[in-house]
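Accompanying notes for the structure given below.
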């Protein structure tokens with residue numbers, strides 16, 4: 001197969017995949033008897049045309065940046081970390097324990113402690129499958145799937161039997177103290193000129209953006225990043241060059257798990273103010289779509305996370321204002337993963353064919 | 001625990017183990033042919049919705065079953081096109097199809113029935129009803145074996161017996177037919193099969209087709225026999241438990257039966273925490289029982305309980321003439 005120019009590979013392939021996904025979603029919407037254009041209008045109005053809408057879009061974006069980066073860093077090492085969901089849920093446990101055990105005087109210290117704790121919990125939950133993959137040859141995809149379910153069961157047990165305060169009915173921890181509530185965008189100077197109403201997007205957004213820069217720096221500006229990428233390209237060559245597979249698998253998965261765990265700072269500490277059952281709400285899985293869409297580059301991940309933030313907030317608006325079920329966003333997510341991930345070759349073949357068409361014309 | 005309680009639990013073991021068994025055998029054919037399939041869950045869900053909806057609309061469980069199989073086959077076909085024709089990443093394709101199924105089933109069911117993504121409850125001919133095997137009542141008086149036959153083995157929906165028959169059938173197809181030999185070979189060394197002049201793509205599509213058929217049966221069983229209708233996310237991770245059972249069984253049909261029934265037994269126990277507490281003398285949390293299949297699978301994968309070696313060419317698209 002001919003090669004595409006680099007710009008086409010980086011920009012055009014994901015864009016065309018997205019168009020495919022959008023076209024099929026439009027067909028689905030028409031098939032259930034609704035107007036795709038009207039749906040798009042509701043989504044854009046509800047998520048992008050007001051500061052309030054942006055407040056929600058950016059809240060989702062924050063979570064998706066973390067999980068997208070988590071999938072990305074593992075992907076560069078040739079590992080498909082499908083366990084972001086479980087790692088995020090454990091991260092949520094880390095946040096809850098940090099916020100409940102110690103009465104922090106101010107949100108800033110609490111944020112630091114909760115972030116460290118969330119990252120550590122997520123990292124540990126990823127380290128076990130990583131160790132089993134590196135030392136015992138277990139398939140990382142299957143073990144991380146299993147760990148998602150084990151995490152879900154563990155959290156249910158802890159919320160029902162251990163962490164639930166006496167006299168409370170719903171399975172959740174106690175509320176965190178008021179001092180630990182993270183400032184939302186409408187409480188941050190300068191930004192509050194724009195965000196006049198209370199929105200869920202909070203200061204974690206800036207941690208997410210910083211994480212994207214850090215991941216970029218690790219992958220392309222450090223020896224470790226070079227080793228990770230080399231290992232991901234060719235395990236045999238990396239081994240020959242003296243790179244230890246065990247080290248790369250462990251380090252990349254631990255970083256991945258830490259990023260997935262950090263996501264929970266956004267929803268558990270920033271939004272809910274307590275740990276609820278299934279708090280990550282599938283964001284761990286969306287990370288797969290975000291990473292694929294973002295071509296496994298932190299900048300791409302941030303852009304794709306905004307896109308998915310739009311999709312999630314827009315989808316919620318659809319559920320509110322139209323009779324299109326909110327589940328449409330899961331369909332779009334599936335389509336994006338299908339076209340950008342599994343049907344990648346098809347999109348490329350199509351583009352190569354189109355490009356060759358243009359070339360022939362020039363010759364003639 | 002008295003004998004009657006044991007029989008009750010074994011009865012629900014068989015009920016709950018059946019969808020796992022169908023899905024596990026489905027995964028067996030696919031993975032033996034070298035196509036990883038983590039989309040079992042999605043195919044089951046799609047089949048459950050299609051069969052539940054059509055069974056309700058037509059009042060015929062048979063048409064429902066057919067629709068379920070077609071729904072599942074459609075997704076199997078997509079997986080085949082993505083991972084065989086376009087050599088896409090099989091794992092990513094599976095993940096994508098699971099999401100697609102999870103969303104689209106609710107969308108369609110909501111559009112058709114407007115009941116929050118459920119189908120209305122099925123009754124009468126729209127369901128697979130329980131079959132009483134011959135002599136079940138007259139043999140009940142026989143000590144121990146009589147009640148076992150009457151309460152556990154007899155009195156299930158037809159598909160339960162079909163699932164059990166699929167085990168020897170799968171074994172026979174895989175190990176005693178030319179097709180089975182080639183199918184297994186294509187999962188171990190596709191180049192050799194190609195050299196012998198047999199179409200790798202054809203065999204893999206056939207395997208993916210069988211997977212679609214079996215997942216269709218699994219989903220249809222869930223919506224028309226185990227429960228009376230489709231509900232959103234009703235497969236509840238069973239596709240992944242089936243995958244776990246497949247690894248536990250080390251990709252072999254008879255072991256798959258054992259693994260699925262073991263995991264079905266855990267699910268049955270999770271419904272009866274009182275019994276578990278009485279037997280174990282300590283309170284075992286229900287979530288632990290839910291997580292047990294996954295924990296066991298991790299242990300098997302790690303080689304602590306025997307070594308699970310998957311088919312060698314699993315997960316790799318085959319490129320002719322490299």
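Protein chains in written order, with UniProt numbering: chain V, 1 to 364; chain C, 1 to 322. Built from N, CA and C at the ideal position, the CB exists for glycine as well.
The beta carbon of residue 163(C) sits closer than 6 Å to the beta carbons of 18, 21 and 22 from its chain, once the five residues preceding and following it are set aside; these are given in chain order. Assigned with DSSP and collapsed to three states, residue 297(V) falls in coil, not helix or strand. Between residue 252(V) and the set 29(V), 12(V), 71(V) and 174(V), the nearest pair of CA atoms involves 71(V). Scanning its chain for C-beta atoms nearer than 6 Å, with the 5 sequence neighbours on each side dropped, one finds no residue around residue 41(V). Look at the region 73-100 of chain C: the residues with a C-beta under 9 Å from a C-beta of chain V are 78, 79, 81, 82, 83, 85, 86, 87, 88, 89, 90, 91, 92, 93, 94, 95, 96, 97, 98, 99 and 100. Residue 125(V) is positioned such that its CB atom lies closer than 9 Å to that of residue 83(V). Taken through DSSP and simplified to helix, strand or coil, residue 255(C) comes out as helix. Between residue 263(C) and residue 311(C) the beta-carbon gap is near 22 Å, outside 8 Å, which marks them as no contact. Classified as exposed, residue 49(V) has fewer than 16 neighbouring CB atoms from the shown chains inside 10 Å of its CB.
A straight line joining the alpha-carbon of residue 246(C) with that of residue 240(C) spans about 10 Å. One alpha carbon belongs to residue 292(V), the other to residue 218(C), and they sit about 31 Å apart. Going by beta carbons, residue 119(C) and residue 230(C) fall inside the 9 Å limit.
The Cβ neighbour count for residue 193(V), taken over all protein chains shown within 10 Å, is under 16; the residue is labelled exposed.
In the three-state DSSP reduction, residue 106(V) falls in the coil class, being neither helix nor strand. Taking a beta-carbon distance threshold of 9 Å, residue 153(V) counts as an interface residue toward chain C. Chain V has no Cβ within less than 9 Å of the Cβ of residue 115(C). 102, 103, 104, 106, 107, 108, 110, 111 and 117: these are the residues of the region 102-130 of chain C whose beta carbon lies less than 8 Å from some beta carbon of chain V, given in chain order. For the pair of segments examined, the region 276-283 of chain V was found to touch the region 149-161 of chain V: the number of CB pairs separated by less than 8 Å reaches three. Against chain C, a Cβ distance below 9 Å from residue 334(V) picks out 42, 95, 96, 97, 98, 99, 100, 101, 102, 103 and 104. Looking at the DSSP output, residue 156(C) sits in a beta bridge with 131(C). From the beta-carbon of residue 16(V), no residue of chain C is found nearer than 8 Å; the closest lies around 14 Å away.
Look at residue 53(C): its C-beta is not under 9 Å from any C-beta on chain V. Taking a Cβ-Cβ threshold of 8 Å, the residues of chain C close to residue 28(V) are 104 and 107, in chain order.
Secondary structure at residue 166(V): coil, using DSSP grouped into helix, strand and coil. For residue 148(V), the uninterrupted alpha helix (DSSP H) segment begins and ends at 140-157. Here residue 184(V) carries a strand assignment [DSSP, helix/strand/coil]. Chain C has a Cβ within less than 9 Å of the Cβ of residue 146(V). An exposed status is given to residue 356(V), since fewer than 16 other beta-carbon atoms sit within 10 Å of its beta-carbon.
The contact set of residue 143(V) on chain C, defined by CB atoms closer than 9 Å, consists of 297, 298, 301 and 302 in chain order.
Within 10 angstroms of the beta-carbon of residue 11(V) lie fewer than 16 other beta-carbons, which makes it exposed.
Contact between residue 99(V) and residue 123(V) does not hold, since their C-beta atoms are separated by about 19 Å, which reaches or exceeds 8 Å. Around residue 303(V), the same chain offers 294 as residues with beta carbons nearer than 7 Å, after the five sequence neighbours per side are excluded.
Looking at 108(C), 288(C), 146(C) and 166(C), the one whose alpha-carbon comes closest to that of residue 326(V) is 108(C). Contacts with chain V (Cβ-Cβ distance below 9 Å) from the region 236-255 of chain C involve 237, 240, 241, 243, 244 and 247, listed in chain order. With its beta carbon less than 9 Å from one in chain C, residue 331(V) belongs to the interface.
When Cβ-Cβ separations below 9 Å define contact, residue 293(V) makes no contact with chain C.
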